[in-house]
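Student:
Chains as they are written, first to last, in this note's numbering: chain A, 19 to 275; chain B, 225 to 479.
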């Protein structure tokens with residue numbers, strides 16, 4: 019196998035939650051002086067090993083609090099793992115939320131620039147793509163009015179159009195295809211298909227087994243921060259559904275001192 | 225650094241947006257930037273020339289150049305501290321180099337400073353203040369002030385994320401610093417005071433004088449002052465950059 023595009027090696031990610039409310043310097047010093055500074059450690063991910071080859075579409079499923087979104091953030095590079103290492107080759111298009119980085123006072127067009135710049139594109143690259151982005155969003159003349167006038171579906175459409183305007187090496191989708199009308203959803207799926215044909219490696223996080231079954235070439239089941247299963251989508255999803263409908267897996271996150 | 229250069233178009237857009245937001249909703253727009261320090265100058269002039277009665281040659285120029293510097297320093301520090309918190313949503317979802325926010329805050333502060341200098345030049349003309357070639361030194365003075373301020377902003381912006389009351393604490397410290405810096409009083413009136421050394425060794429005084437000398441005294445600051453101010457600015461930037469870099473991994477966990 020060629021070098022993996024995404025490689026996580028025994029990744030652990032720990033949120034350190036102070037037991038006391040520690041929003042302020044004052045409280046911090048009081049607790050520091052009293053020696054009562056204790057933290058709860060919440061391991062959102064533990065011992066996650068993942069090697070994804072170019073062109074794979076990895077579906078990630080798991081109950082709430084399983085660490086799916088944390089995994090997306092680690093792969094994206096927003097959160098640095100507490101333990102282990104992360105390596106991702108190439109340009110990443112993270113779509114963790116379609117409304118991230120929008121300024122509601124600016125027009126749709128200005129937001130195309132702002133958002134694409136936040137994704138690391140240069141002004142010149144955006145100049146070349148802007149017509150295509152506007153066309154794909156289907157917003158028409160609305161593009162010149164401030165997006166505070168948009169419906170949430172319109173904002174999401176614009177977000178998706180911007181984030182997918184360039185073919186990325188790695189695409190990360192976290193529960194974002196639950197927006198927009200059916201027609202737009204069809205076009206989103208066309209675009210994702212085109213990415214797949216172009217060899218984009220995709221991580222698709224969803225609660226809907228049906229969707230993962232349809233799209234992924236491989237499926238990862240996360241539970242309480244650990245990889246419970248990793249393999250054929252049909253098999254993994256079958257086991258997942260059985261487990262969810264049968265004996266309920268503990269949904270609470272694990273807390274250790 | 226390389227990352228910041230790669231994101232230069234983003235920084236430019238953030239600066240433009242900042243200026244636009246600042247001026248859009250006010251009736252007189254850009255004029256306000258120029259008017260506010262002028263009005264401050266008028267107030268201080270009335271207070272100090274008629275109530276405290278100390279003699280400073282052409283006090284309006286003295287105080288206005290001080291106020292412009294102080295406004296830049298103070299406003300940039302305050303906005304830098306809020307810059308990461310305001311963009312928490314982005315920093316949690318997109319791998320953007322975090323320093324773009326304090327850097328663009330500082331740059332829009334510099335643009336505001338330059339705009340606010342227009343009425344200063346008008347006052348120079350009106351009061352017949354000598355305008356020499358030393359004014360050509362101002363860009364260097366602004367660069368030193370901007371470097372120092374960026375350093376302070378980089379140092380404080382992660383702290384403001386970790387502890388929300390840092391913003392209020394710094395607000396109080398800034399008031400103290402303002403009185404410890406000869407902005408609206410001449411250095412001579414505090415010389416006899418036992419705490420004079422505090423004012424004398426206040427690093428912000430150094431940075432201020434490098435900015436004010438070319439305007440008020442019509443001379444380029446002596447090399448000793450200049451190298452001290454430049455050294456302080458570079459040191460502040462290094463300390464700020466190191467702290468910022470070391471805390472940036474932890475920042476997304478605090479939102």
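Just so it is clear, CB atoms sit at the ideal spot from N, CA and C, and this is done for glycine as well.
Would you say the region 452-471 of chain B touches the region 373-384 of chain B, given that touching needs at least three Cβ pairs under 8 Å?
Tutor: Counting Cβ pairs under 8 Å, three or more are found: they touch.
Student: Using 10 angstroms around the beta-carbon of residue 227/B, count the other beta-carbons present and answer buried if the total reaches 16, otherwise exposed.
Tutor: The residue labelled residue 227/B in the question sits at position 3 within the second chain. The residue is exposed, with fewer than 16 neighbouring Cβ atoms inside 10 Å.
Student: Output the distance between the C-alpha atoms of residue 231/B and residue 214/A, rounded to the nearest integer angstrom.
Tutor: Numbered from 1 along the second chain, position 7 holds the residue referred to as residue 231/B. Numbered from 1 along the first chain, position 196 holds the residue referred to as residue 214/A. Each residue's alpha carbon lies about 28 Å from the other.
Student: Of all the residues that make up the region 284-318 of chain B, which are near chain A by a beta-carbon distance shorter than 8 Å?
Tutor: Answer set for the region 284-318 of chain B: 313, 314, 315, 316, 317 and 318.
Student: Against chain B, with Cβ distances strictly below 8 Å, would residue 112/A count as a contact?
Tutor: Your numbering for residue 112/A matches position 94 in the first chain. Residue 112/A counts as touching chain B.
Student: So that I know if they touch, is there some Cβ in chain A lying closer than 8 Å to that of residue 397/B?
Tutor: Locating residue 397/B in the second chain gives position 173, where the first residue counts as 1. No, no contact with chain A.
Student: For the alpha helix (DSSP H) that contains residue 91/A, what are its first and last residues?
Tutor: Residue mapping note: residue 91/A aligns to position 73 of the first chain, counting from 1. Run containing residue 91/A: 86-94, per the alpha helix (DSSP H) assignment.
Student: So with Cβ pairs under 8 Å, would you call residue 98/A a contact of chain B?
Tutor: Within the first chain, numbered from 1, the residue matching residue 98/A stands at position 80. So, interface residue.
Student: Would residue 94/A count as contacting chain C if we go by Cβ distances under 8 Å?
Tutor: This model lacks chain C altogether, as its protein chains are A and B.
Student: For residue 371/B, which of helix, strand or coil comes out of DSSP?
Tutor: In the second chain, residue 371/B corresponds to position 147, counting from 1. Residue state, collapsed to three classes: helix.
Student: Which same chain residues, not among the five before or five after residue 280/B, have their C-beta less than 6 Å away from its C-beta?
Tutor: In the second chain, the residue the question calls residue 280/B occupies position 56. So the list reads 286 and 410, once near-sequence residues are dropped.
Student: Does the region 428-439 of chain B come close enough to the region 321-332 of chain B to have 3 or more Cβ pairs within less than 8 Å?
Tutor: Cβ pair count under 8 Å is below three, so no.
Student: Between residue 390/B and chain A, is the shortest Cβ-Cβ distance under 8 Å, so that the two count as touching?
Tutor: The residue you call residue 390/B lines up with position 166 of the second chain. Yes, its Cβ sits closer than 8 Å to a Cβ of chain A.
Student: Starting from the N-terminal side, write out each stretch of the beta strand (DSSP E) that is 3 residues or longer and does not extend beyond the region 99-177 of chain A.
Tutor: List check, beta strand (DSSP E) in window: 101-106 and 110-113.
Student: To the nearest angstrom, how far is the alpha carbon of residue 476/B from that of residue 180/A?
Tutor: Counted from its first residue, the second chain places residue 476/B at position 252. Counted from its first residue, the first chain places residue 180/A at position 162. Rounded to whole angstroms, residue 476/B to residue 180/A spans 24 Å at the Cα level.
Student: Of all Cβ atoms in chain B, is any one closer than 8 Å to the Cβ of residue 118/A?
Tutor: The count along the first chain starts at 1 and reaches residue 118/A at position 100. For residue 118/A, the answer is yes, since a Cβ of chain B falls inside 8 Å of its Cβ.
Student: So which of 166/A, 245/A, 119/A and 262/A has the shortest CA-CA distance to residue 26/A?
Tutor: In the first chain, the residue the question calls residue 26/A occupies position 8. Here the closest residue by C-alpha is 245/A.
Student: Assign residue 448/B to one of two classes, buried (16 or more other C-beta atoms within 10 Å of its C-beta) or exposed (fewer than that).
Tutor: Taking the second chain and counting its residues from 1, one reaches residue 448/B at position 224. Classification of residue 448/B: exposed, given that the 10 Å Cβ count is below 16.
Student: Does any residue of chain A have a CB that is nearer than 8 Å to the CB of residue 237/B?
Tutor: Counting from one through the second chain, the residue named residue 237/B turns up at place 13. Residue 237/B counts as touching chain A.
Student: Starting from residue 233/B, find everything on chain A with Cβ-Cβ shorter than 7 Å and list it in chain order.
Tutor: Position 9 of the second chain, counted from the start, is the residue given in the question as residue 233/B. By Cβ distance, chain A contributes 135, 140 and 141.
Student: Check each candidate in 389/B, 458/B, 414/B and 445/B and name the one with the smallest Cα separation from residue 42/A.
Tutor: Within the first chain, the letter at position 24 stands for residue 42/A. For the residues 389/B, 458/B, 414/B and 445/B, the minimum Cα distance to residue 42/A belongs to 389/B.
Student: Report yes or no: do three or more beta-carbon pairs, one from the region 97-104 of chain A and one from the region 158-170 of chain A, lie closer than 8 Å?
Tutor: The answer is no - the region 158-170 of chain A does not touch the region 97-104 of chain A, with fewer than three Cβ pairs under 8 Å.
Student: Mark residue 129/A as exposed unless 16 or more other C-beta atoms lie within 10 angstroms of its C-beta, in which case mark it buried.
Tutor: Numbered from 1 along the first chain, position 111 holds the residue referred to as residue 129/A. Residue 129/A is buried by the Cβ-count criterion.
Student: Under three-state DSSP, which class holds residue 419/B?
Tutor: Here residue 419/B is taken as the residue at index 195 of the second chain, counted from 1. If DSSP states are grouped into helix, strand and coil, residue 419/B belongs with coil.
Student: My output table needs one value for residue 256/B: the three-state DSSP class, helix, strand or coil.
Tutor: Taking the second chain and counting its residues from 1, one reaches residue 256/B at position 32. If DSSP states are grouped into helix, strand and coil, residue 256/B belongs with the helices.
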